[in-house]
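Numbering (this note's numbering), first residue to last: -12 to 463.
Backbone N, C-alpha and C fix where the C-beta goes; we use that ideal spot for every residue, glycine too.
Remember, it's a predicted structure, so these values are computed and weren't measured experimentally.
Scroll down for the structure; my scribbles are underneath it.
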Ligand SMILES: Cc1cc2nc3c(=O)[nH]c(=O)nc-3n(C[C@H](O)[C@H](O)[C@H](O)COP(=O)(O)OP(=O)(O)OC[C@H]3O[C@@H](n4cnc5c(N)ncnc54)[C@H](O)[C@@H]3O)c2cc1C
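This is the structure:
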């Protein structure tokens, strides 16, 4: 952690917290409160920290008051949206958690397609509000994930090729800075801050409101899942590599390797699944494309047809309950030739257990056309992303399954391109934050982000994140 040391006397801290409690519309939950155990938990069950207090914000003024208390006491402050951060940055030992979860308003203007949300909304909250208008904001694939953290780091899902990342669809944001200033950030107003918010995580302030531009969505987009048994993986992945070379933007595929939980009725063997969402009115065109792939690699099982968007967006939710244990890794790459496929299948075919999955997202399309410098998000040119993700339940598996993710990441390094997705970065022991952030963003973007940090958070109040230390505290 960056070296900002505070020595506020205990009595003064108690006093400040009492005053904070009195000011809140929401609540302050401390270790003595009956809801403390639930309030301190985040999605990743490996993160077991005990904050001094969790503030459940119910009004924007609660954010101001909590920030003021953090400044006054010097307590480290974690900012939590949906609590799904893999590194567990949504909580802190002995500090203050600003839990924005109760702030859940979503406003949809169907005419302008603008969707304005408070910072505690989940993907499900937004999808439910937009689907009734045949609109969708491009989000992630598990509906309990928080929109705030997802957006500030990136946001990849079933609409990435057709419409870009979640952050590419952000029109503006309301930000409360470390000094308590309220700023509007957009392409026109505070454009440099707006640049940094799109990829730079929670480094520059608390976002109290996000405004997105939604896209039109057909009432029932075409969804498909082609399932392959291990003996067919090589042929299917090579067929996918050829098929995915030249796809229209409307085709959004994700290839997964997984042992399904029992309730899916898919047995205990691992599957490779080529999933796709075709988001155009003309289903026939999407089916013709799917037919080309099915002809080259006939699936062992399949489900292809019109899908309710809300069902599609929540189909895998039960695999990832809160309290799952997770260590995740991400690699950007562009080669999917025989050599890469052999390496990939080398570790994918070890996957004989429930609790770890591997996804290959096909990128490109609208994602790839965003100029590299337009946002802080690193690497627009990669054609694929590999995600190795954990969702196991048994602490005894921590070491083995963490090692598996690290090994897969290591084996992919010969094919890796620059840039890593900060939203999938775990807390890495023994790596300096500044080094991890520099590696994730690349040197040029990192320097630009440090400039923003110096301007908006010179004392590193927002340091519980993939931290970009300001120059003053930066180790270099
Ligand atoms: C089960 C699961 C599924 C996922 N699926 C996807 C996916 O499909 N696509 C994808 O791209 N990612 C996915 N992710 C990764 C996800 O994007 C990150 O975990 C993200 O951080 C989640 O945001 P959150 O608000 O839930 O997290 P939190 O832990 O609440 O917040 C994460 C960080 O964001 C910052 N932050 C949060 N809210 C604010 C705010 N209002 N203002 C300023 N800073 C803030 C803070 O630094 C905080 O530490 C998934 C993660 C999980 C666990």
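Next item on the list: Would you check whether ligand 1 has a heavy atom nearer than 7 angstroms to the C-beta of residue 67?
Entry: In the chain shown, residue 67 corresponds to position 80, counting from 1. Yes - ligand 1 has a heavy atom lying nearer than 7 angstroms to the Cβ of residue 67.
Check: For residue 180, which residues of its own chain have a beta-carbon under 7 angstroms away from its beta-carbon, when the five flanking residues on both sides are left out?
Finding: The sequence position of residue 180 within the chain shown is 193, counting from 1. Excluding residues within five positions, the ones whose Cβ falls inside 7 angstroms are 162, 170, 172, 191, 439, 443.
Next item on the list: Kindly indicate the opening and closing residues of the beta strand (DSSP E) around residue 103.
Entry: Taking the first residue of the chain shown as position 1, residue 103 is located at position 116. Where residue 103 is concerned, the enclosing beta strand (DSSP E) stretches over 101 to 104.
Notebook entry, point to check: For the candidate residues 398, 92, 406, whose alpha-carbon lies nearest to that of residue 197?
Noted result: In the chain shown, the residue the question calls residue 197 occupies position 210. Comparing Cα-Cα distances from residue 197 to each of 398, 92, 406, the minimum goes to 92.
Item checked: Where residue 316 falls: helix, strand or coil (DSSP) -> To locate residue 316, count along the chain shown from 1; it is residue 329. Looking at residue 316 - three-state DSSP - the assignment turns out to be strand.
Check: Does the Cβ of residue 29 lie closer than 7 angstroms to at least one heavy atom of ligand 1?
Finding: By one-based count along the chain shown, residue 29 stands at place 42. True, at least one ligand heavy atom lies under 7 angstroms from that Cβ.
Note to self: Whether or not the stretch 134 to 149 and the stretch 248 to 255 are in contact is what I'm after, with contact meaning three or more pairs of Cβ atoms, one per stretch, closer than 8 angstroms; do they touch?
What the structure shows: no
Next item on the list: Compute the minimum distance between the beta carbon of residue 464 and the heavy atoms of ligand 1, and state whether it is under 7 angstroms.
Entry: For the chain, the structure presents residues -12 to 463; residue 464 sits outside this window and is missing.
Notebook entry, point to check: Can you check whether the CB of residue 407 is closer than 8 angstroms to the CB of residue 321?
Noted result: The residue labelled residue 321 in the question sits at position 334 within the chain shown. The residue labelled residue 407 in the question sits at position 420 within the chain shown. Going by C-beta atoms, residue 321 is not nearer than 8 angstroms to residue 407.
Note to self: Taking DSSP's pairing of strands, which residues face residue 482 in a bridge?
What the structure shows: This structure gives no information on residue 482, because the portion of the chain shown stretches from -12 to 463.
Note to self: Beta-carbon within less than 6 angstroms of residue 346's beta-carbon, same chain only, minus the 5 sequence neighbours each way: which residues are those?
What the structure shows: On the chain shown, residue 346 is found 359 positions in, with the first residue counted as 1. So the qualifying residues of the chain are 241, 243, 374.
Notebook entry, point to check: How big is the Cα-Cα spacing for residue 208 and residue 337?
Noted result: Taking the first residue of the chain shown as position 1, residue 208 is located at position 221. Taking the first residue of the chain shown as position 1, residue 337 is located at position 350. Rounded to the nearest angstrom, the two C-alpha atoms are 34 angstroms apart.
Check: Looking only at C-alpha atoms, which of 195, 2, 183 sits nearest to residue 167?
Finding: What you label residue 167 is simply residue 180 of the chain shown in a count that begins at 1. Of 195, 2, 183, the residue nearest in Cα terms is 195.
Note to self: Between 385, 220, 318, 9, which has its C-alpha nearest residue 42's C-alpha?
What the structure shows: For the purposes of this step, residue 42 is taken as the residue at position 55 of the chain shown. By alpha-carbon distance to residue 42, the top candidate from 385, 220, 318, 9 is 9.
Next item on the list: Pull up the CB-CB distance for residue 72 and residue 124, whole angstroms please, since I reckon it's below 8 angstroms.
Entry: By one-based count along the chain shown, residue 72 stands at place 85. By one-based count along the chain shown, residue 124 stands at place 137. No, residue 72 and residue 124 are not in contact; Cβ-Cβ is about 20 angstroms, not under 8 angstroms.
Notebook entry, point to check: beta strand (DSSP E) containing residue 198: first to last residue?
Noted result: As a working mapping, residue 198 is identified with position 211 in the chain shown. Per DSSP, residue 198 belongs to the beta strand (DSSP E) from 193 to 200.
Item checked: Option in 302, 421, 220 with minimal Cα separation from residue 110 -> Walking along the chain shown from the start, residue 110 turns up at place 123. Looking at the Cα atoms, 302 is the closest of the given residues.
Notebook entry, point to check: Who are the near neighbours of residue 57 in its chain, counting only those whose CB is closer than 6 angstroms to its CB and skipping five residues on each side?
Noted result: Numbered from its first residue, the chain shown carries residue 57 at position 70. Only 64, 83 meet the Cβ criterion.
Margin query: Looking at ligand 1, does it come within less than 7 angstroms of residue 106, judged from the CB to the closest heavy atom?
Written below: Sequence index remark: in the chain shown, residue 106 carries index 119 (1-based). Residue 106 Cβ: within cutoff of ligand 1.
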